[in-house]
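Using our numbering, count along the sequence shown one by one with no gaps and you end on 530.
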Amino acid sequence: MQALTLSILIILLTQSLSAATLMTVSFDSDEMRLVKETIARDLNKHKHVDLVIRKDSDYEEFLAAVRKNKPDFLALLDNKAVNFMKKLENEKAADIQHIQAASTMALNLRHVIQNNKKICGIVYEVPAFTIVTRFRRLVSRAITTVLAPYRASEFEMMITEARQQLQKEGIDLIGVNVEAEGRDTAAVNRLVEKALVNEYAGKKIDAILVPSDNVILNKEAFASLWLRKARSLKVPFLCNIEKFTSKDFDFCTFAAYPDLAALGHQLAEQINESLESGTAVAELGVDYIIGVQESLNINRAKAIDLPLKSERLDSVHSVE
211 MQALTLSILI ILLTQSLSAA TLMTVSFDSD EMRLVKETIA RDLNKHKHVD LVIRKDSDYE
271 EFLAAVRKNK PDFLALLDNK AVNFMKKLEN EKAADIQHIQ AASTMALNLR HVIQNNKKIC
331 GIVYEVPAFT IVTRFRRLVS RAITTVLAPY RASEFEMMIT EARQQLQKEG IDLIGVNVEA
391 EGRDTAAVNR LVEKALVNEY AGKKIDAILV PSDNVILNKE AFASLWLRKA RSLKVPFLCN
451 IEKFTSKDFD FCTFAAYPDL AALGHQLAEQ INESLESGTA VAELGVDYII GVQESLNINR
511 AKAIDLPLKS ERLDSVHSVE
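Take a look at the structure:
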């Protein structure tokens, strides 16, 4: 009897020692709730604390929540949460020095946390390579030249990687730095308008990549440039935002976008690797997103006379 009691105590003690406190830091949205719920289910042996932030939330509010809840690990969903963690790293107090974090749903994560030793994560944007190659499987037309307007100050690394990856597929990615004549909105918009054409630098453009960048997709340019050009050019616009292929937007022909449940599983696996195996987040790094869904705007495809492979259409969400 004593041996049995001792065994039970050992099991309970082991479980309590292996359990950690995980705090998620995010805005409140349906998308973020889905990711958080998936993480909580996958890591249900651990204690979960949810810190919901707002646009006006400041670092002191975040720091107070950390000190109150004493998390071992943070799940950071959004750039604001990542920036809070980057400030936390500079705190010298012993009670928070051990905290590590994993992030997703933050834009341009590789660039934002490059050389960081306490944050790992999953890239939220579906890579250009995935968008273009998945689109190519749906069409009966050669896709050899793709144009991508971008800001070099933030996305040079991303464009360089995409160019190298697509080159192996026989696809030439033409990156157009829309900051070349200045970073103010008017200068950026001028170069965007010049870039959105059927032919660029003497090359016929087979597709145009829409960046996930509010600076380029600014209020002045979105309707007057991006929407207008998407409806006037004979070129498919590709993106990683599902709603851009919707009837309401009537903007992009194709989107490859995150499967949020799969994204939650992927981040949970990364967090578990650190918590269970003791792997430092610096070793885990930033992984590409794995789970991807696709959407095709059939009406946009018809408007630009894009030949589609009917046998492939069952694999995507079609909008008509």
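Backbone N, C-alpha and C fix where the C-beta goes; we use that ideal spot for every residue, glycine too.
Exposure of Tyr-269 is indicated by the presence of fewer than 16 other C-beta atoms within 10 angstroms of its C-beta.
Measuring C-alpha to C-alpha distances from Lys-327 to each of Gln-307, Pro-281, Ser-236 identifies Gln-307 as the nearest. Taking a C-beta distance under 8 Å as the contact criterion, Ser-487 and Phe-283 do not qualify as a contact pair. Note on the region 240-264: whole alpha helix (DSSP H) runs with a minimum of 4 residues are 240-252, in chain order.
Thr-455 carries a helical assignment under DSSP once its states are collapsed to helix, strand and coil. Residues Phe-459 of the same chain have their beta carbon placed closer than 8 Å to that of Lys-453, with the five preceding and five following residues left out of the count.
DSSP places Thr-231 inside the beta strand (DSSP E), whose first and last residues are 231-236. Residue pairing of Ala-465 in beta bridges, as defined by DSSP: Cys-449, Ser-505. The Cβ atoms of Val-292 and Pro-468 lie no closer than 8 Å to each other. Comparing alpha-carbon positions, the option among Ala-465, Tyr-360, Ala-338, Ile-499 lying closest to Glu-479 turns out to be Ile-499.
DSSP lists Val-386 as the beta-bridge partner residues of Pro-359. Judged by their CB atoms, Ser-422 and Ile-384 are not nearer to each other than the 8 Å cut-off. Approximately 20 Å separates the beta-carbon atoms of His-527 and Thr-248; this is outside 8 Å, ruling out the contact. Straight-line measurement puts the Cα of Thr-455 at about 10 Å from the Cα of Glu-504. Per DSSP, the continuous beta strand (DSSP E) segment holding Ser-313 begins and ends at 310-314. Excluding residues up to 5 positions away in sequence, Val-420, Pro-421, Trp-436 lie with their Cβ nearer than 8 Å to the Cβ of Leu-427 in the same chain.
In the DSSP assignment, Gly-331 falls within the beta strand (DSSP E) that extends over 329-332.
Taking each of Ala-338, Glu-271, Ala-433 in turn and checking the Cα distance to Phe-464, the smallest one comes out for Ala-338. Comparing alpha-carbon positions, the option among Met-242, Ala-316, Phe-345, Val-402 lying closest to Gly-331 turns out to be Ala-316. The criterion of a C-beta distance shorter than 8 Å is satisfied by Leu-506 and Leu-348. Here Lys-246 is buried. Its C-beta has 16 or more other C-beta atoms within 10 Å.
Distances from the alpha-carbon of Leu-273 to those of Glu-521, Val-235, Lys-519, Leu-401 put Val-235 closest. Residue range 417-419 is occupied by the beta strand (DSSP E) that includes Leu-419, with no alpha helix (DSSP H) assigned at that position. Annotation: the continuous alpha helix (DSSP H) that includes Ser-442 extends over 438-442.
Using a C-beta cut-off of 8 Å, the region 347-361 makes contact with the region 398-418, since at least three inter-stretch Cβ pairs fall below that distance. With a beta-carbon spacing of about 7 Å, Leu-406 and Leu-443 fall inside the 8 Å limit used to define contacts.
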